[in-house]
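Protein chains in written order, with the working numbering: chain A, 283 to 415; chain B, 331 to 867.
So, in structure tokens, the structure goes:
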């Protein structure tokens with residue numbers, strides 16, 4: 283990263299009650315190695331908490347890691363909160379155990395980057411770098 | 331098709347950090363410490379197994395992890411598995427139940443019945459185990475944060491059905507320290523969480539002496555990034571923390587140590603895994619005998635479920651996971667486990683369907699019925715390689731144990747988050763090795779199908795209606811139960827928690843009055859507070 287380049291700031295959240303954080307922590311480390319500033323929330327975040335942290339920390343990217351299947355109901359609650367906080371110009375990304383049949387619904391809910399299990403760490407970081415202007 | 335690059339005679343280091351040689355002879359066995367720790371099966375130090383006859387007498391218990399939706403749905407799945415030859419149950423709870431929330435808690439929305447069955451009150455347990463003979467089929471409850479409550483509920487349910495609690499067998503996972511490292515279904519801070527585990531150990535030692543109140547899990551620590559040697563050592567350190575608590579209460583070691591059990595993972599190099607278990611058995615026996623002064627052989631036994639293998643399964647080419655699962659089952663059988671369960675091939679996608687669960691069950695049955703795995707105890711004993719590697723794994727484990735001690739012990743490391751940071755750094759390192767191809771993974775970094783076909787994975791359907799049914803049922807119970815008795819029991823629970831009295835009798839009383847999991851958890855939170863996760867990288 284050259285010194286004049288602005289550091290990309292990423293919120294990495296663990297939504298809902300899911301306790302599987304191995305993947306989220308691995309992705310957080312990859313993002314840090316890629317030069318991003320990472321705000322990792324820890325487990326059990328509510329949609330309200332995610333929206334508040336995203337606003338307060340003024341992040342460029344709002345990313346979620348979901349492994350236990352509740353991604354659609356969670357994102358349904360999160361979307362209006364992000365909109366109400368004026369965070370629609372941020373990049374919304376989600377990764378984890380996301381069946382292909384749910385990808386269209388996640389896109390409709392505003393998640394532009396979808397990284398199901400099996401995605402490569404560099405692919406995630408490259409995507410974020412290319413999307414955040 | 332691109333095979334991984336393997337130059338001739340490249341130095342091989344296993345995941346635990348031990349070099350693997352291309353040839354082992356009797357001289358290697360001698361140089362690594364000889365056969366002193368091998369002994370005979372069923373005799374100290376139990377390296378070769380905790381029973382002399384092992385599977386001749388009784389094959390391993392088959393205990394596939396199962397549970398979803400409402401208790402009635404899960405009861406059907408239990409009966410299906412039993413009808414297909416399963417010999418024990420391994421109960422999956424949904425996340426609200428696991429972290430002590432009622433189904434009508436706003437935080438539970440969208441999560442009810444999703445990754446396990448939903449339990450609010452004793453009524454749900456009555457339905458879940460209806461028609462199942464609890465003497466013939468032992469039940470393992472995969473519950474941790476809310477374990478004391480669910481153990482009380484299980485004992486109350488069994489008692490109500492007429493079983494003698496003194497004779498009741500069964501297991502609760504109830505290993506909260508590993509939940510802080512991986513899996514994450516904690517509720518209370520570290521110290522009161524350990525105290526609750528101690529309450530269950532003490533209560534069961536007195537009231538339900540054949541019940542196994544704790545199954546200490548190296549499993550999830552391995553899934554979180556630990557090496558096989560670390561997996562076993564961290565589990566031993568955790569078990570020692572629980573044992574120390576029990577001893578502080580004045581319980582003699584031989585009154586509870588025989589009811590401690592373990593849960594370990596089985597993915598990876600076959601020989602490293604088998605030697606991990608052989609070495610671990612000897613080391614644990616030595617710890618219990620020399621450090622804790624245990625006298626009964628049962629107190630020195632490393633009783634275990636060697637199972638799962640989820641971390642080894644792949645999202646890519648999921649059908650190949652059926653074959654991986656078969657090798658993992660072989661590892662488990664060669665390791666002398668008491669209980670086996672396999673992650674199903676579709677585990678990276680969904681909770682198992684009847685179809686995938688049955689394949690896992692058949693995999694284990696093949697080993698018993700066709701492959702001769704039950705005929706002779708510890709069949710790999712005496713191999714120059716296996717005996718040398720067993721000695722080297724034990725030495726490696728002793729080194730790791732000394733490191734933990736030097737850092738102030740496992741409880742301190744968990745509380746400050748240093749062990750979480752360590753294993754997660756290792757998980758990241760491993761992921762990078764997989765992505766670079768340095769650590770071969772078939773279907774992932776070699777032998778990929780460039781045109782990924784449609785995965786032949788059928789998703790277990792999630793029924794949105796289950797939540798409504800569960801909430802209605804909870805409301806009905808709240809309206810019908812004796813609410814004065816509930817209040818009395820919950821008040822006693824809070825008082826006992828605050829006074830440092832064992833909370834199990836109060837929990838049993840509350841459960842019998844049909845107090846809900848959420849109500850009991852709230853009382854305990856009011857005294858203990860909630861855990862705050864240390865975030866460290």
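C-beta atoms are modelled at their ideal positions from N, C-alpha and C, and glycine is treated no differently.
Cβ contact annotation for residue 367 of chain A (same chain, cutoff 6 Å, sequence separation greater than five): 333, 337, in chain order. The beta carbon of residue 847 of chain B sits closer than 7 Å to the beta carbons of 427, 430, 432, 449, 450, 476, 479 from its chain, once the five residues preceding and following it are set aside; these are given in chain order. For residue 545 of chain B, the nearest beta carbon of chain A is not closer than 8 Å to its own beta carbon. Counting only unbroken stretches of 4 or more residues, the alpha helix (DSSP H) elements lying wholly within the stretch 304-360 of chain A are 304-315, 329-339, in sequence order. Counting only residues of its own chain and dropping the five nearest sequence neighbours on each side, residue 585 of chain B has a CB closer than 7 Å to the CB of 535. With a threshold of 16 other beta carbon atoms within 10 Å, residue 724 of chain B meets it and is buried. With 16 or more other Cβ atoms from the protein chains shown falling within 10 Å of its own Cβ, residue 454 of chain B counts as buried. Only 553, 554, 555 from the stretch 546-560 of chain B bring a Cβ to less than 7 Å from some Cβ of chain A. Neighbours of residue 310 of chain A in chain B, taken as residues whose beta carbon is under 8 Å from its own, are 867 in chain order.
In this chain, the alpha helix (DSSP H) harbouring residue 388 of chain A covers 385-390. Residue state for residue 586 of chain B is assigned as helix, using DSSP reduced to three classes. Spanning the alpha carbons of residue 825 of chain B and residue 503 of chain B requires a straight line of approximately 26 Å.
Judged by beta-carbon spacing, residue 410 of chain A lies beyond the 8 Å limit of residue 321 of chain A, meaning their Cβ atoms are not closer than that value. For residue 594 of chain B and residue 812 of chain B, the gap between their C-alpha atoms comes out near 43 Å. Around residue 652 of chain B, the same chain offers 675, 689, 693 as residues with beta carbons nearer than 8 Å, after the five sequence neighbours per side are excluded. Across the stretch 322-339 of chain A, CB contacts with chain B closer than 9 Å involve 322, 323, 324, 325, 326, 328, in sequence order along the chain. Only buried fits residue 405 of chain B, as 16 or more other CB atoms lie within 10 angstroms of its CB.
Around the beta carbon of residue 494 of chain B, a 10 Å sphere encloses fewer than 16 other beta carbons of the protein chains shown; the residue is thus reported as exposed. Residue pairing by DSSP places residue 637 of chain B opposite B:595 in a beta bridge. With respect to residue 744 of chain B, residue 507 of chain B sits close: the two C-beta atoms are nearer than 8 Å. Using a Cβ distance threshold of 8 Å, residue 420 of chain B and residue 691 of chain B do not count as a contacting pair. Of the residues assessed, residue 459 of chain B falls on the buried side of the cut-off, its CB having 16 or more other CB atoms within 10 angstroms.
Cβ-Cβ distances below 6 Å link residue 526 of chain B to 478 in the same chain, with the five nearest sequence neighbours on each side left out; the list follows chain order. Within the model, the alpha-carbon separation for residue 403 of chain A versus residue 376 of chain A is close to 13 Å. Taking 8 Å as the cut-off between beta carbons, the residues of the stretch 375-401 of chain A near chain B are 379, 381, 383, 398, 399, 400, in sequence order. According to the DSSP assignment, residue 397 of chain A belongs to the beta strand (DSSP E) that extends over 395-398. Assignment of beta-bridge partners to residue 657 of chain B by DSSP yields no partner.
Between residue 304 of chain A and residue 554 of chain B, the C-beta spacing is below 8 Å.
Annotation: the continuous beta strand (DSSP E) that includes residue 291 of chain A extends over 291-295. At a Cβ-Cβ threshold of 8 Å, residue 373 of chain A and residue 297 of chain A do not count as neighbours. Not flagged as an interface residue toward chain A: residue 687 of chain B, since no C-beta distance is shorter than 8 Å.
If you ignore the 5 residues before and after residue 410 of chain B, its C-beta comes within less than 7 Å of the C-beta of 684, all in its own chain and listed in chain order.
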